[in-house]
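Colleague: First the structure, then my questions, so here it is.
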Amino acid sequence: YSLTFAKDFSGLALSAAIVGTDADKTFYASPANGKFLGKTTLVVGLKKTF
């Protein structure tokens, strides 16, 4: 799932998204160290248009 917000500020576009999953921990674990890679996280972006 994801929830995204975006706002334009006179040529600068700011966005933020909360991204997550309901994945089973056994399928989304790193083979290198076993760390669970399916945590919910925040992604922030900034773009300039010209």
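So in my numbering the end of the sequence shown lands on 103, straight run, no missing numbers.
Using N, Cα and C, we set each Cβ at its ideal position, and we do this for glycine too.
(1) Considering only the beta carbon of each residue, do residue 71 and residue 90 sit closer than 8 Å?
(2) Name the two residues that bound the continuous beta strand (DSSP E) containing residue 98.
(3) Measuring alpha carbon to alpha carbon, tell me which of 59, 87, 92 ends up nearest residue 69.
Modeller: Taking the coordinates as given:
(1) No.
(2) Residue 98 -> beta strand (DSSP E) spans 94-101.
(3) It is 59.
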